[in-house]
Structures are given as structure tokens and as C-alpha cells.
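Reviewing the structure listed below.
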Amino acid sequence: MGNSNSKDGSALEDFGIEYASAIESTSLVNIKDNYGLFIDGDFVASSSGKSFETLDPSTEKSLSVVTEASPEDVDRAVQAARVSYEKYWKKMSGADRGRYLFRIARHLQERAREFAVLETLDGGKPIKESRDVDLPLAAAHFFYHAGWADKLEYAFPQRELEPHGVVGQIIPWNFPLLMAAWKLAPALACGNTVVLKPAETTPLTALLLAEVIRDVDLPPGVINIVTGAGETGSAIVEHPEVNKLAFTGSTEVGKLIQRSAVKRNLPLTLELGGKAPHVIFEDAALDQAIEGVINGIFFNQGHVCCAGSRLLVQESIADNFIDRLQKRIELLRVGNPLDKNTDIGAINSKAQLERIDQLVKAGIEEGAEVFKPSCSLPDNGYWYPPTVLTGVQQSHRVAREEIFGPVLVVQTFRTPEEALEKANNTPYGLSAGIWTEKGSLIHWMAERLRAGVIWANTFNKFDPASPFGGYKESGFGREGGMHGLGAYLKNTGGSS
Ligand code: NDP
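According to numbering that gives the first Met the number 0, the sequence shown is numbered sequentially starting from 0.
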């Protein structure tokens, strides 16, 4: 496992340096044999008695059995959220709501290690990412929104606003706890109650969060967590008493949800896929840019909606850049997600692995050249090596479709105009990256790129105060910052 030999002799072992594995202990985590649905402050059984297994994708071993919520269970959860909204949450002062959010944030910090290990076990991401990114950011979202809860009239002065009521939230498997925090914290800060559905393959950290919700004495029914597959999500979307929907996931499912929401005139935010251009100009600081590109595509195995999955590199430096990039990739360590040295963990599910494999094969058939490092992969579990596809044309599927895996697609350009044209030539518009030493070029590009988030000389920087969201097929609405907060309030007649 990991990279011990590189083709050109640049492996660390050649310098007499060898990593010793550093496996994070799982002793802190107490995974139950089975989990009920979290409705009205309690774990309860499903009306249908159905359940499903959740696996560790790095071993394919079962971790636990989770309850599948039927439409009747979703209805129970919505009713609990409604009662709780009327009885407690709507009447509570912003300062008191904020206190609960602060408490959740502090509990997340106190139990960060336990949450990080569980996230890694259930989802396959490297422990250093769940520990250093997912957990701190999840806590930060609760802290940030706790601060807003009693200041909404300053955030939106001279407007008469009120919460929507019961919010339905559906989240994906790539950042399970973090996406729960992105959704729950602003909804609660604004006075809404929630029915949340985690993804089928990664329900465990949301269920551990349910324990925290109980420990902080949040009034029952303010947050309800229903586990299940697409049908459970659909039951939330179709429920007549849900007042607002928020979804993160695939563009395909996002469009289904949009159709349903439009029919009922329901407020909706959609955070969907991406195919972000990562543009490297010839004057960029190349070593830093290479680290940025590596982080942009291999962070979380590339299961990232804003991943820098399309590298656009200026022709004059392309050969040198790709050569250096490939040498750097040789040093990435792929393997046990619980090892603190691991850079690339397991692919989240068998279905996702098959999708990645299928798209890469399509790319090769269409004429792309493939680079994979000389790393060996574990025998069990779902794995895909970091991969670079060169010789890619704009019309190729791999240049247009979201692969959502550790696969970088490379194209070149000669002028800023051509870079811009290629960068914007995508159905998506979530994020983009620019690397150049020229500030004027950064501004020129940033003004013209059709992407919701643009990073310059860095990538994948997130902050709860900064709005995040897309254009075109990447969705609409923003999460984070005051823009994200506003989505959880409705205008009741004041000036806007
Ligand atoms: P989905 O869009 O199917 O999943 C996202 C969430 O929606 C999950 O909780 C899922 O439940 C739920 N869901 C599925 N069908 C419905 C429905 N009809 N109504 C309501 N909710 C529903 O993504 P996939 O997991 O199938 O991944 C497919 C592709 O989507 C990936 O390969 C990737 O390209 C992209 N993707 C993008 C993400 C992003 O952040 N932009 C995140 C995840 C995926 P369940 O998990 O049980 O199916």
C-alpha cells in the first residue's frame, strides 16, 4: 500500500526516508449494531421495519445496520418538526437559539476525534482530512451561525422577515457531517425546524450528531434525522407540509427536486455538481501551483463538487508542468484512510468506483492518454489511483461530465482569451482556480469566469462567512455567509 517506488527514482525511500504507518485508534468510537430514526428527540423504529447496511468502503466490512424511513416515517418527522416549530422554536428568542448552536459547536469540538474517526470509517476519506477539515469546519459553521441568531435584524435591516417553518434537507455522501452542518446551522439560526436526510452510504456521523442534539437538550423535534435511500429523500421533497427545501447532490436528482418544488412554489436551494477549471498561466509560482492542483483534484478522492477537475495549463509550460505534476503524484500515499500519512483514501462506494472507471475508459476510447502512478492498491475495498488524462478534447465526455473521483483532465491554452473560453465551456459553473503572479490577469479572469467561487493562487479554501454556490447546472442559491442565511428566511412584506 502507498508508494514505495517511483519510476524515476524520486521516491522518498531513495533518500533513506520511509514512513512508518500511524493508524488512528478506533477505540473512541462506539458504533451500535443498529440505529433507529431520530424523530421528536428519540431514536425510533421504522413503520415498515426495513433497514440497510452501511459499509466501511476501505474494507467492504459492514459497520452497522441503519433504519430505512418510509413515507409514513417521513410524515412523522415532518409532524414532529411542525409541532416543535409552533411550540418552541418560533417563539424562542434569537439569543436562546444561538445558545443551542454554540452548545452543538462546542460538543462537536469536544468529540472531534470520535466524529473524525467515524467519518473516515463510514466514508473512506483520509483521517487527516476528516480531522483537519471536516470537523473544524462543521464546528465553525455552528459557531458562525450561532453568532447571527440574535442579529438577524442587523443582517437584513428594514425588512420584515420570518422563518419558513419546516425545512427539508437532503445531503450527499462526500462531506456527510460538514454538509449536515452547512444545512442545519443557518436553518436553526433563522428559527426553522428541520427534517434532514443523510446519504445512504454515509449515515453514521449524522446519527452521532443526533446524540449531540440530545445531549445539548435541543427541544425535541427541532432536528429530525431520517435515514434511507432516494425514496426517503423523495418523500421529504413531496411532503405537502414542508415549507422549504435544500439539496446538495447530483444535477440529475437536483432537477427532479426542482420540478417538484416549482409545482408547489416552494423555496429551494440547489448545490449540484461541477467541472471546475483550474487555470495555470506561464508566470505562476509552479511549485505552489502544483500543490494547488494536487489539493484541487485529490482532496477527498476527488469526491468534491468544486474539485479542480479540469487542468488548463498554458502551452509554453505544459510539458514541464505535467512532468512535475506526475512526479508529485508518485509521492501521494493511497491506502488505509485511518493512517495519518494517507493522502488518498477509499472510493466511497462500489457504484461510484464503477462510474469513475467507466468514465476513464470512455476517455481512453476517445483518445486520451492516461497516467497512473506506480502505487499498489489494497485487495479489499474500493480504490482508484490518482489519475491524469492528457490529450483531452473539449468534446470528450471526460472534459464535460463530472467524474467525481481522483481523475484530472488536462487541456492546454495559448492566450488568456483561449483559457477563458475553455474554462467557461462547460454546463457547470461552481468553482474555478487561477494561478498567475499578475493581479490584473486574476481580476480580468475572475470578472469573466462563470463560476460561483473563484480562488486565486490557492484552492479549496472554505469559510462559513463566505457564500458558496453555483451557476448553470451547478445549481442556485448560496450557502454560507449572509447570502446563505437569507435563504432560510421569507419576506413578510417589509421593504427588500
Ligand atoms: P444523488 O444526487 O443521488 O444523492 C444525493 C442525495 O440525494 C442523497 O442523500 C440521495 O440519497 C438523495 N436522493 C437520491 N435520489 C433522490 C430523489 N429522487 N429525491 C430526493 N433525494 C434523493 O447522488 P449520488 O450519490 O447518486 O451520486 C451520483 C453522482 O452525483 C456522483 O457521481 C457525482 O457526480 C454527483 N454528486 C455530486 C455531489 C455534489 O456535492 N455536487 C454530491 C454527491 C454526488 P441516497 O444516498 O440514499 O441515494
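In this text, a Cβ means the ideal position worked out from N, Cα and C, and glycines have one as well.
1) Expressed to the nearest angstrom, what Euclidean distance is found between the alpha-carbon atoms of Arg-81 and Glu-52?
2) Here's the rule: buried if 16 or more other CB atoms are within 10 angstroms of the residue's CB, otherwise exposed. What is Leu-407?
3) To which residues of the same chain is Val-303 closer than 7 Å at the C-beta, ignoring the five residues directly before and after it?
4) Can you give me the start and stop residues for the alpha helix (DSSP H) that Asp-121 sits inside?
5) Any heavy atom of the ligand NDP closer than 6 Å to the Cβ of Ala-486?
6) What does the Cβ neighbour count give for Asn-299, buried or exposed, with the cut at 16 atoms within 10 Å?
7) Near His-482, what residues of its chain come up, given a Cβ to Cβ distance below 6 Å and the 5 sequence neighbours on each side ignored?
8) Just to check, is the beta-carbon of Phe-403 closer than 6 Å to a non-hydrogen atom of the ligand NDP?
9) Find out if the Cβ-Cβ distance for the pair Gly-474, Leu-160 is shorter than 7 Å.
10) Which one of Lys-360, Ala-431, Leu-330, Val-64 has the shortest CA to CA distance from Tyr-470?
11) Hey, Val-73 and Ile-235 are a contact pair by Cβ (cut 8 Å); roughly how many whole angstroms apart?
12) Tell me which residue opens and which closes the beta strand (DSSP E) that Pro-276 is part of.
13) Which residues bound the beta strand (DSSP E) around Trp-172?
14) Assuming Trp-88 is part of the beta strand (DSSP E), what are its boundary residues?
15) Using 7 Å as the threshold, is the C-beta distance between Phe-297 and Ile-343 below it?
16) Have a look at the DSSP bridge pairing and note the partners of Thr-192.
17) Measure the CB-CB distance between Ser-45 and Ser-69 and report whether it falls below 7 Å.
18) Measuring only the C-alpha atoms, how far is Ser-498 from Asp-286?
19) Just the Cα atoms here: how many angstroms apart are Gly-122 and Phe-114?
20) Whose C-alpha, out of Thr-457, Ala-418, Val-28, Ile-103, is nearest the C-alpha of Arg-213?
21) Using a Cβ-Cβ cut-off of 8 Å (strictly less than) and excluding sequence neighbours within five positions of Ala-209, which residues of its own chain qualify?
22) Exposed or buried, which one is Glu-128 when buried takes at least 16 other CB atoms within 10 Å?
23) Shorter than 6 Å, the distance from the beta carbon of Cys-304 to the closest heavy atom of the ligand NDP, or not?
24) Are there any heavy atoms of the ligand NAD lying less than 6 Å away from the beta-carbon of Val-261, as far as the coordinates show?
25) Examine the ligand NDP and report whether any of its heavy atoms sits within less than 6 Å of the Cβ of Gly-380.
26) Comparing C-alpha positions only, which one of Lys-243, Ala-111, Val-215 sits nearest to Leu-195?
27) May I ask which residues mark the beginning and end of the beta strand (DSSP E) holding Gly-432?
28) Between Ala-94, Lys-60, Ile-279, which has its C-alpha nearest Asn-456's C-alpha?
29) Classify Pro-500: buried if its beta carbon has 16 or more other beta carbons within 10 angstroms, exposed otherwise.
30) Given Ala-145, which residues of its chain have a CB within under 6 Å of its CB, disregarding the five upstream and five downstream residues?
31) Report back the beta-carbon spacing between Leu-203 and Ile-30 to the nearest angstrom; my notes put them in contact at under 8 Å.
32) So who's on the other strand from Phe-224, going by DSSP bridges?
33) Do you know how far the Cα of Gly-301 is from the Cα of Gly-404?
34) Going along the chain, which residues of its own chain have a beta-carbon closer than 6 Å to the beta-carbon of Met-0, five neighbours each way excluded?
35) Quick one: what does DSSP say Gln-157 is sitting in, helix, strand or coil?
36) Nearest to Ser-233 by alpha carbon, out of Val-452, Ser-259, Glu-240, Pro-218?
Put simply:
1) 30 Å
2) Flag for Leu-407 reads buried.
3) Taken in chain order, the residues that qualify are Asn-173.
4) Under the DSSP assignment, Asp-121 falls in the alpha helix (DSSP H) whose first and last residues are 111-122.
5) no
6) buried
7) Pro-466
8) Under cutoff, so the answer is yes.
9) no
10) Ala-431
11) 6 Å
12) Where Pro-276 is concerned, the enclosing beta strand (DSSP E) stretches over 276-279.
13) Counting along the chain, no beta strand (DSSP E) covers Trp-172, and no H or E run does either.
14) Premise fails: Trp-88 is in no beta strand (DSSP E) and is neither H nor E.
15) Result yes, Cβ atoms of Phe-297 and Ile-343 sit closer than 7 Å.
16) Val-165
17) yes
18) Beyond the ends of the chain as shown, which are 0 and 495, falls residue 498; an answer cannot be given.
19) 12 Å
20) Residue Ile-103 is the option with its Cα nearest to Arg-213.
21) Phe-37, Phe-42, Ile-222, Ile-224
22) buried
23) Yes, the Cβ of Cys-304 comes within 6 Å of a heavy atom of the ligand NDP.
24) Because the ligand NAD does not appear in the structure shown, any question about it cannot be addressed here, the ligands present being the ligand NDP.
25) no
26) Leu-195 has its Cα closest to that of Lys-243, out of Lys-243, Ala-111, Val-215.
27) Bounds of the beta strand (DSSP E) holding Gly-432 are 430-434.
28) Ile-279
29) No statement about residue 500 is possible, as the shown extent of the chain runs from 0 to 495 and does not include it.
30) Gly-97, Leu-100, Phe-101
31) 7 Å
32) According to the sequence displayed, residue 224 carries Ile and not Phe. Paired residues: Phe-37, Leu-195.
33) 4 Å
34) Only weak support exists for where Met-0 lies, its pLDDT of 42 falling under 50; the coordinates are left without a value.
35) coil
36) Closest by alpha carbon: Ser-259.
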